[in-house]
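S.K.: Using the working numbering, the first residue of the sequence shown is number 23, and each one after it goes up by one. From the three backbone atoms N, C-alpha and C, an ideal C-beta is built for every residue, glycine too. Below is a structure I'd like to ask you about.
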Amino acid sequence: MIPKKIEAALNDQLNFELYSAYIYLSMSAHLRSQGMNGFANWMQIQAQEETVHGMGMYSFIIDRGGKVVLKAIAQPKSEWKTVLAAFENVLAHEEIVTSRINNIAALAESEKDFATRNFMQWYIGEQVEEEANANEIINELKMSADSKQALLMLDREKAMRTFVFPIIPGGMKAPGAAAP
Ligand code: FEO
């Protein structure tokens, strides 16, 4: 049975992952309104990934005998001055996610809930990647500053990103995946 404190922390984080999806979908919508369809594609896929991160928690809470309680998702911003400002927002947001994930892992350790501690390991690794991806794009955007042509090339490159269903051990199985 999942400890109540852990159940509450995972329910909060499930909400925060869906909030992350909402932020990135809002960024995607804004970028589309600016004609930046490649960056918008990148953000839309990011939003899909965040939904799966949340669903991983959804499945894990249920598998541990807990109850999922969905809460209101906060309204995200709807405008960013530049593409760079949007990606700087992504990085700042992911740094908050990282600290929240670390806090849940630390709480699981202090509660001696090693199943949750083990489950959180995937998210800890994922956060390294999330921050690195945002940093990489921020650097690319800074290097292309003042060049519309470079920005257009980056936009075309980001249009190539495709969605790969994240496989989270202990989380939701990919749609259509065979039962273990
Ligand atoms: Fe689910 Fe971007 O962290």
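Within a Cβ cutoff of 8 Å, which residues of the same chain sit near M165, ignoring the five residues on either side of it in sequence?
M.R.: In the sequence shown, counting from the first residue as 1, residue 165 sits at position 143. If we look at M165 and ignore the five residues flanking it on each side, its Cβ neighbours are A172.
S.K.: Which complete alpha helix (DSSP H) runs does the stretch 86-158 hold, if anything under 4 residues is left out?
M.R.: 105-132
S.K.: Cβ-heavy atom distance between V150 and the ligand FEO below 7 Å?
M.R.: Here residue 150 refers to the residue found at position 128 when the sequence shown is read from its first residue. Flag unset: Cβ of V150 not near the ligand FEO.
S.K.: Between V119 and the ligand FEO, is the CB less than 7 Å from at least one heavy atom?
M.R.: Here residue 119 is taken as the residue at index 97 of the sequence shown, counted from 1. Correct: V119 has its Cβ closer than 7 Å to the ligand FEO.
S.K.: Rounded to the nearest angstrom, how far is the Cβ of V91 from that of N33, given a contact under 8 Å?
M.R.: Counting from 1 along the sequence shown, the entry for residue 91 is found at position 69. Counting from 1 along the sequence shown, the entry for residue 33 is found at position 11. That belief holds up - the Cβ atoms of V91 and N33 are roughly 5 Å apart, short of 8 Å.
S.K.: Would you kindly report the start and end of the unbroken alpha helix (DSSP H) that includes Q35?
M.R.: Position 13 of the sequence shown, counted from the first residue, corresponds to residue 35. Run containing Q35: K26 to S55, per the alpha helix (DSSP H) assignment.
S.K.: Are the Cβ atoms of A137 and R54 separated by less than 8 Å?
M.R.: To locate residue 137, count along the sequence shown from 1; it is residue 115. To locate residue 54, count along the sequence shown from 1; it is residue 32. No, the Cβ-Cβ distance between A137 and R54 is not below 8 Å.
S.K.: Buried or exposed: which applies to K99, given that a residue is buried once 16 or more other Cβ atoms fall within 10 Å of its Cβ?
M.R.: Translated into positions along the sequence shown, residue 99 becomes position 77. Exposed: under 16 other Cβ atoms inside 10 Å.
S.K.: Hey, out of A51, N161 and I84, whose CA is closest to Q68's CA?
M.R.: For this step, residue 68 is matched to residue 46 along the sequence shown. Of the candidates A51, N161 and I84, the one whose C-alpha sits nearest the C-alpha of Q68 is A51.
S.K.: Are I95 and Y41 touching if we call contact CB-CB under 8 Å?
M.R.: Residue numbering aside, residue 95 sits at position 73 when the sequence shown is read from its first letter. Residue numbering aside, residue 41 sits at position 19 when the sequence shown is read from its first letter. Yes, Cβ-Cβ distance for I95 and Y41 is below 8 Å.
S.K.: According to DSSP, simplified to helix, strand and coil, what is I189?
M.R.: In the sequence shown, residue 189 corresponds to position 167, counting from 1. Three-state result, I189: coil.
S.K.: For P25 versus E131, is the C-beta spacing smaller than 8 Å?
M.R.: The sequence position of residue 25 within the sequence shown is 3, counting from 1. The sequence position of residue 131 within the sequence shown is 109, counting from 1. A distance of 8 Å or more separates the beta carbons of P25 and E131.
S.K.: With respect to the alpha helix (DSSP H) encompassing A172, which residues constitute its N-terminal and C-terminal limits?
M.R.: Your numbering for residue 172 matches position 150 in the sequence shown. That run of the alpha helix (DSSP H) goes K170 to K180.
S.K.: Measuring alpha carbon to alpha carbon, tell me which residue in L113, N124 and S81 is nearest Y46.
M.R.: Here residue 46 refers to the residue found at position 24 when the sequence shown is read from its first residue. It is L113 whose Cα lies nearest to the Cα of Y46.
S.K.: Return helix, strand or coil for T184, following the three-state DSSP convention.
M.R.: In the sequence shown, the residue the question calls residue 184 occupies position 162. Correct three-state label for T184: coil.
S.K.: So is the beta-carbon of E116 under 7 Å away from any non-hydrogen atom of the ligand FEO?
M.R.: Position 94 of the sequence shown, counted from the first residue, corresponds to residue 116. Indeed, a heavy atom of the ligand FEO lies less than 7 Å from the Cβ.
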